[in-house]
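Below is one structure, written out as structure tokens; comments come after it.
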């Protein structure tokens, strides 16, 4: 459920430049995770920081695999 909610939020972020800027302006990973979870909840998408970290790991893995 959490990863599905995160994916819905991710799609919303891709369509909303204000959300993109809010997430871009984070000074570190911990702040990014906390802000993503809070913004997601504000938009009805409930997920955890661990869900975000898993999505980030999967994206990095997919990116690396494209170059191997």
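Numbering (my numbering), first residue to last: 77 to 144.
Beta carbons are placed, not taken as given, at the ideal position from N, Cα and C, and that holds for glycine.
From a predicted model like this one, the values you see are computed outputs, not experimental measurements.
Test item: CB-CB of residue i and residue j under 8 Å
i, j, result
"residue 148", "residue 78", "The chain is shown from 77 up to 144; residue 148 falls before or after that span and cannot be answered."
"residue 109", "residue 129", "yes"
"residue 119", "residue 88", "yes"
Cutoff 8 Å; reference residue i; Cβ partners in own chain excluding five residues on either side
i, result
"residue 116", "81, 82, 85, 122, 123"
Exposure label - residue i; buried when at least 16 CB within 10 Å
i, result
"residue 112", "buried"
"residue 127", "buried"
Same chain only: Cβ atoms within 6 Å of residue i, ignoring 5 sequence neighbours per side
i, result
"residue 94", "none"
beta-carbon residue i near the ligand NAP non-hydrogen atom, thresh 7 Å
i, result
"residue 104", "The ligand NAP is not part of the structure shown, which contains no ligands of any sort."
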